[in-house]
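Numbering-wise (our numbering), the sequence shown opens with residue 2 and increments by one. Worksheet for the structure shown next.
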Amino acid sequence: MRRLPLTIALVVLAGGQPALAAPKKSPAKASRPTVKPAAKPPVPVPVEPPKPMGFMVPKVVVLRNPTPVETEANAVWNVRAALNVAALQCQFSPFLSTVKNYNDLLRHHGEELTRAQATMVAHFRRYDGARAANSFDQYTTRTYNSYSTLDAQYKFCEAAGRVGREALAIPRGKLGAAALRLSGETRSALNEQPLSPALALVPMELLVIDPITEP
């Protein structure tokens with residue numbers, strides 16, 4: 002008996018049908034890394050502007066469209082008001098010389114203080130007419146009160162003592178230009194942190210209270 006070739010024998014064994022080749026397996030797909038959604042950026046927190054340290058500090062008096070001359074006169078009047086309040090509130094330390102500084106200011110810069118007063122009255126006359134004198138009185142009261150505070154008293158008194166000495170070193174007739182800076186120094190001291198209460202521990206027998214005079 003003649004032997005059949007191997008390929009034909011395989012066909013006969015499969016019942017006359019060609020043997021089907023095993024299906025090829027598709028290569029495994031490479032696993033892709035899981036992409037996590039990007040984290041949402043944090044919601045920005047609004048930054049509030051720093052609040053003044055002194056919670057009892059009144060607001061500064063704001064003028065209505067002042068001219069440069071009126072702005073300077075207002076600064077001169079603010080220096081006078083600040084030193085006057087310091088003379089009343091800062092007598093706990095004789096080293097600050099607030100009473101003496103104020104009285105000397107009235108004598109040394111009396112003429113310029115008088116001109117500043119006249120300029121401010123004219124400012125209110127321009128806006129308020131016949132009520133100018135009353136408006137000036139209200140302006141003066143509010144300006145003085147804006148320097149009267151307790152929670153920033155130590156810093157204010159320190160600044161007023163320094164400003165008083167500087168004002169007295171200024172030649173007569175030159176206070177106006179410097180007052181723009183000096184009034185700012187006393188104003189900003191109201192919002193600073195208080196000094197150590199050690200300044201208030203001056204023995205009472207060392208306190209020298211001088212009379213406050215007016216021009």
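Here a beta-carbon is modelled for each residue, glycine too, at the ideal position from N, C-alpha and C. In this text the structure is predicted, and so the values were computed from the model without any measurement.
Rounded to the nearest whole angstrom, the CA to CA distance from residue 141 to residue 99 is 20 Å. For residue 101, the uninterrupted alpha helix (DSSP H) run begins and ends at 99-109, by DSSP. Each residue's CA atom was taken as its position, placing residue 69 and residue 75 some 10 Å apart. Residue 71 counts as buried, since at least 16 other C-beta atoms from the protein chains shown sit within 10 angstroms of its C-beta. Taking the C-beta atoms as reference points, residue 109 is found nearer than 7 Å to residue 169.
Every unbroken stretch of the alpha helix (DSSP H) spanning 4 or more residues and falling wholly within the segment 121-198 is given here in chain order: 133-146, 154-170, 176-190. The beta carbons of residue 184 and residue 80 sit closer together than 7 Å.
Around the beta carbon of residue 175, fewer than 16 other beta carbons sit within 10 angstroms, so the residue counts as exposed. Residue 134 sits away from residue 77, with the two beta carbons spaced by 7 Å or more. Taking C-beta separations shorter than 6 Å and ignoring five residues to either side along the sequence, the partners of residue 190 in its chain run 156, 157, 160, following chain order. Judged by DSSP secondary structure, residue 67 falls outside any alpha helix (DSSP H); it is assigned neither H nor E.
When 166, 148, 186, 165 are compared, the shortest CA-CA separation from residue 90 is found for 148.
Of the residues assessed, residue 151 falls on the exposed side of the cut-off, its CB having fewer than 16 other CB atoms within 10 angstroms. Secondary structure at residue 93: coil, using DSSP grouped into helix, strand and coil.
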